[in-house]
Amino acid sequence: MKPVVIVGGGVMGSALAYWLTRLDPARPVTVIERDPSYSRASSTLSAASIRQQFSSAVNIRIAQASIVFLRAVADELELDGDRPDLALRESGYLYLADPGGAARLREAHVLQRNCGADVTLLDRTALERRFGWLNAADLGLGSLGLSGEGWFDGHALLMAFARKARRQGVRYLTAEVCGIGVDQERVTEVILNDGSKIGCSHVVNSAGPWARQLAAMTDMHLPVFARRRTVYVISCKARLPNFPLLIDPTGFWIRPEGSTFIAGCAPSVEADDEPLEPDYAAFETFLWPALAHRIPAFEEARLERAWAGYFEMNDFDHNALLGPHPKIFNFLFMNGFSGHGMQQAPVVGRALAEFILEGRYITLDLSELSVARLAQNRPLRESMVIG
Ligand SMILES: Cc1cc2nc3c(=O)[nH]c(=O)nc-3n(C[C@H](O)[C@H](O)[C@H](O)COP(=O)(O)OP(=O)(O)OC[C@H]3O[C@@H](n4cnc5c(N)ncnc54)[C@H](O)[C@@H]3O)c2cc1C
């Protein structure tokens, strides 16, 4: 049997490889990864946080299944007695809205509650009572996740998937895919940078921020772009109890990370494929003043260091693009997660494995996220995209 070839061994590719061989131990699977150190991969540069608070039901359902997986990860991905510890902290997300944005937060809240998410709305007084360190004077509303939201060690999740996948027989190959051979609407092989070819039953695009370039090898335009995001590591001496992942109406986010905090914001101007150098100027001109306004204790904060990674941004509708190519049915996609892919990997990996093995989604129907919506011009817009 020819292998399923997965291009890109980040958290998506490795989650898929794990699920394929867990559900069908006899299935040959090869992961082709050009950089086994993952130095520029989104999966190692991620803020690795998980939330239930989305504006599309399908994303809420994915998050609900993902948190169940993350809580059980030590059993699920245990290997020879070594139980992965993702240091999962369920400290919640706090979405803040100014008076003008409160209606949108309420609307999303109704959908989230209907889907069974454990979220609550807090008015200004309730915000002030619960978070004494918060300046709520100009706020209209807050939405807080009471369980099922927080953060974890994303790199440890990637490593745990990859390690277990290898044990289940997956072959990881260090190489770059430079071409895709197609014969009569079927992918037959991938072509590597040394000129060698690997025959395959399926090819999966899990190339993260570089997915567009891989899709272009079959003349397909995939609207996924590498957009730089800086993560700032900040120290603050004040005690700020019950600190969740906070999202400000101005667009910045911040959460605790060990004894420090990490924070980020969208750049004022979007550009593709910028070098992965942190944007220090944005900290001075925007982030620090905005932080100090919302949390006065941050006037005394110190920027310790920063790093940058790429969001794999789907410009069409900011949602995942999953499943088969519209014409080449054995070329599949798991791309365009637009900054929420880490938390979706355990569930999307399983769903796509089911699709490859059984020809349909079984545990969770993700057909709404199909790539076919591009050609049909049928966006499934996710409005709660962070930073
Ligand atoms: C700063 C930042 C913060 C984030 N915060 C969160 C968050 O809080 N919560 C959340 O859920 N998500 C978050 N994300 C998004 C999340 O990290 C990504 O959605 C996820 O890691 C994508 O995984 P991936 O495997 O698709 O891509 P990647 O991890 O980028 O892996 C793709 C791999 O493909 C390889 N590759 C590409 N092209 C080829 C080729 N032609 N041949 C061989 N190999 C190739 C690359 O080397 C790379 O290793 C964040 C991302 C960033 C950058």
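Here the sequence shown is numbered in our numbering, starting from 3 and rising by one per residue. Every residue, glycine too, gets a C-beta built ideally from N, C-alpha and C.
Alpha-carbon spacing of residue i relative to residue j, whole angstroms
i, j, result
"L146", "T176", "43 Å"
"L107", "M3", "50 Å"
"M253", "D367", "The sequence given here places Gly at residue 253; Met does not occur at that position. About 31 Å."
"A65", "G197", "41 Å"
"T262", "E301", "15 Å"
"N116", "F313", "29 Å"
"V226", "R131", "42 Å"
"I193", "S340", "28 Å"
"A76", "S44", "23 Å"
"A19", "K166", "9 Å"
"K199", "G361", "26 Å"
"A128", "E92", "20 Å"
"G150", "D120", "7 Å"
"N337", "V206", "10 Å"
"E384", "R85", "35 Å"
"D185", "V33", "22 Å"
"A2", "P101", "No answer is possible for residue 2: it lies beyond the span of the chain, which begins at 3 and ends at 389."
"V13", "G210", "9 Å"
"N244", "I52", "17 Å"
"A139", "D275", "39 Å"
"D317", "L242", "36 Å"
"H327", "G183", "14 Å"
"L382", "A59", "10 Å"
"G83", "V9", "30 Å"
"L81", "A164", "11 Å"
"P38", "G11", "8 Å"
"R257", "G201", "45 Å"
"P298", "Q215", "44 Å"
"L359", "V7", "14 Å"
"P5", "S41", "27 Å"
"A217", "V387", "24 Å"
"R73", "L79", "11 Å"
"T46", "W309", "11 Å"
"H320", "Q170", "33 Å"
Cβ-heavy atom distance, residue i to ligand 1, below 7 Å
i, result
"Y282", "no"
"D37", "yes"
"Q345", "yes"
"F339", "yes"
"G10", "yes"
"G197", "no"
"M14", "yes"
"I34", "yes"
"L371", "no"
"W212", "yes"
"S48", "yes"
"H342", "yes"
"L72", "no"
"F313", "yes"
"A167", "no"
"E178", "yes"
"R304", "no"
"Y40", "yes"
"L354", "no"
"V172", "no"
"R231", "yes"
"G94", "no"
"S57", "no"
"L18", "no"
"G325", "no"
"A209", "yes"
Contact belief for residue i with residue j at Cβ below 8 Å, rounded distance in angstroms
i, j, result
"L305", "F288", "No, L305 and F288 are not in contact; Cβ-Cβ is about 13 Å, not under 8 Å."
"G144", "Y95", "Contact doesn't hold; Cβ gap of about 10 Å is too wide."
"L334", "H223", "Actually they do not touch by this definition, with Cβ atoms about 17 Å apart."
"E191", "R36", "Not really, about 17 Å apart at Cβ, beyond 8 Å."
"G311", "S48", "7 Å"
"V172", "V31", "5 Å"
"G134", "A104", "Contact doesn't hold; Cβ gap of about 22 Å is too wide."
"F154", "L88", "4 Å"
"E370", "I364", "Not really, about 16 Å apart at Cβ, beyond 8 Å."
"G389", "W255", "5 Å"
"R229", "M344", "With a Cβ gap of about 16 Å, R229 and M344 do not count as contacting."
"T122", "L148", "6 Å"
"P251", "S68", "Contact flag wrong, Cβ pair sits at about 27 Å."
"L293", "V373", "The Cβ separation is near 38 Å, so there is no contact."
The segment 349-367 contacting the segment 7-25, beta-carbon criterion three pairs below 8 Å: yes
Under 8 Å: do the segment 226-238 and the segment 273-282 share three or more Cβ pairs, one atom per stretch? yes
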